[in-house]
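What follows is a set of notes on a single structure, which appears directly below.
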Amino acid sequence: MESIGNLWLYLVFFAIVAVMLAIDFLGFKQKAGESVKVKTAAYWSIAWVSVAALFGGGLWLYLKHSVGLEVANTKVMEYFAGYLLEKSLAIDNVFVWLMIFAAFAIPPGLQRKILLYGVLGAIILRTIFIFIGAWFVQEFSWILYIFGAFLVYTGFKFLKGPEQEASNIEDMALLKWLRKHMRITPTLEKDQFFVRQNGVLWATPLFLVLILVEASDVIFAVDSIPAIFAVTTDPFIVLTANLMAILGLRAMFFLLSGAATKMHYLPYGLGLILLFIGFKMLMLDVFHMPIWISLGFIILVLTITAWLSIRHSRKHHETTL
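Structure representation (structure tokens):
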């Protein structure tokens, strides 16, 4: 498995990630208890997408001069295909996080803090998962067929529509285990994860929410990381596309939180995409699909599902007036 990644590319990429996280932490702030405005979230979302696009452009220029135009075109198309795939799958994270915050009545001001730590945790965990996955793919190439079969199964689950039982947060096994084995305060303690009461350390519901947010991202990573390995087996491309998509997740949450119920057809679009890349994985020895076909298919499906969702939302609004 050949990779374009070298020490300097990884150092540059992680330096960009560190700088952007610092800017996000310092710049994307409101007064305590104040919710993030949709307009602010939109500006930040545009900024994150722009950074991802600029990184792709910079990578293309570097590869063009170092390894040639053909490799540059292929690798950058893999990067953008992986980025779009991860970005679209990350929207499901938003829906689950909304349910978690609603179940615990977390105010907007505290949601920002949870999501900051959530994104940091996701970056660390996904980096570990990606390098482990890359090692497995390199040592056991047949694992790609397992990934493919899993994605086909997941794709069919998406096509069945949203699972209503997922909204019952209180029935989650992890939450029950945490409540059984930890001292949890009955109410929030401002923005604290832990407090001392009579000399005893207690976790707060805010800490429970953080654990659930991290756990939900791990669950979604089980879908998304195998999916991007269908686009490319280059660990550098897998990592950069994945983390660039995750970096803007906090802004995307506040941008989409008010529109979550309007994306009626998104699960079906994601199901089609997962089926497509799953079957692509299963057909590796029969047919090699050019990356531009995968990129075009992802863009086409996302565009159509977005258009259908907008139409559905408008019709539903008109019928309720």
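When we follow my numbering, the leftmost residue of the sequence shown carries the number 12, and every step to the right adds one. Using N, Cα and C, we set each Cβ at its ideal position, and we do this for glycine too.
Coarse secondary structure for residue i, derived from DSSP in three states
i: W303; result: helix
i: V78; result: coil
i: A116; result: coil
i: S211; result: Here residue 211 is Val; the residue named in the question, Ser, does not match the sequence. V211: strand per DSSP, three-state reduction.
i: E97; result: helix
i: W153; result: coil
i: E176; result: Note that E176 has pLDDT 43, beneath the 50 cutoff, so the model's placement of it is unreliable and the number below is only indicative. Correct three-state label for E176: helix.
i: E13; result: coil
i: T85; result: helix
i: D228; result: helix
i: F91; result: helix
i: T314; result: helix
i: K168; result: helix
i: A26; result: helix
i: F106; result: helix
i: V49; result: helix
i: F298; result: coil
i: S268; result: coil
i: D202; result: coil
i: M183; result: coil
Integer Cβ distance of residue i from residue j, believed to fall under 8 Å
i: L223; j: L185; result: 7 Å
i: L127; j: R261; result: 7 Å
i: L311; j: A52; result: L311 to A52, Cβ: 27 Å. No contact.
i: Y90; j: A252; result: 5 Å
i: F167; j: A232; result: Wrong, their Cβ atoms sit about 20 Å apart, outside the cutoff.
i: K98; j: A256; result: 4 Å
i: L285; j: A238; result: 6 Å
i: A58; j: W71; result: Actually they do not touch by this definition, with Cβ atoms about 20 Å apart.
i: G144; j: I248; result: So it is not a contact: roughly 13 Å between Cβ atoms.
Start and end residues, alpha helix (DSSP H) containing residue i
i: Q122; result: P119 to E150
i: L250; result: P246 to L258
i: L277; result: L277 to L293
Among the options, nearest to residue i - alpha-carbon criterion
i: A116; options: V220, I257, G259 and F264; result: V220
i: H76; options: I15, G282 and P301; result: I15
i: A226; options: L100, G129 and D35; result: G129
i: L20; options: I111, T196 and P246; result: P246
i: D228; options: M263, W303 and V105; result: V105
i: H275; options: M88, L170 and L37; result: L170
i: M294; options: G259, I321 and I157; result: I157
i: L22; options: L250, P119 and I143; result: L250
i: P278; options: M110, I102, F205 and K50; result: I102
i: M292; options: A241, A33, L131 and R137; result: A241
i: T138; options: F24, F290, L313 and G68; result: F24
i: V49; options: P119, M88 and I111; result: P119
For residue i, the first and last residue of its enclosing beta strand (DSSP E)
i: R194; result: Per DSSP, R194 belongs to no beta strand (DSSP E) and is neither H nor E.
i: V206; result: F205 to Q208
Cα-Cα separation, residue i to residue j
i: A113; j: K191; result: 22 Å
i: L212; j: M193; result: 10 Å
i: Q149; j: E13; result: 10 Å
i: L162; j: G280; result: 14 Å
i: S324; j: A64; result: 30 Å
i: I304; j: A92; result: 10 Å
i: A160; j: D202; result: 43 Å
i: L100; j: I309; result: 11 Å
i: L155; j: L254; result: 21 Å
i: L37; j: V30; result: 11 Å
i: S56; j: F66; result: 15 Å
i: P301; j: L199; result: 52 Å
i: L283; j: W188; result: 35 Å
i: Y164; j: F264; result: 27 Å
i: I27; j: G210; result: 42 Å
i: I230; j: A133; result: 11 Å
i: I288; j: R207; result: 50 Å
i: T243; j: A33; result: 29 Å
i: V107; j: G79; result: 43 Å
i: N7; j: F151; result: Here the chain covers residues 12 to 332 and nothing more, so residue 7 does not appear.
i: L136; j: I125; result: 16 Å
i: Y54; j: S268; result: 15 Å
i: F298; j: E81; result: 20 Å
i: G307; j: P197; result: 50 Å
Closer than 7 Å: residue i CB and nearest the ligand ZN heavy atom
i: W146; result: The model depicted lacks the ligand ZN and carries no ligand whatsoever.
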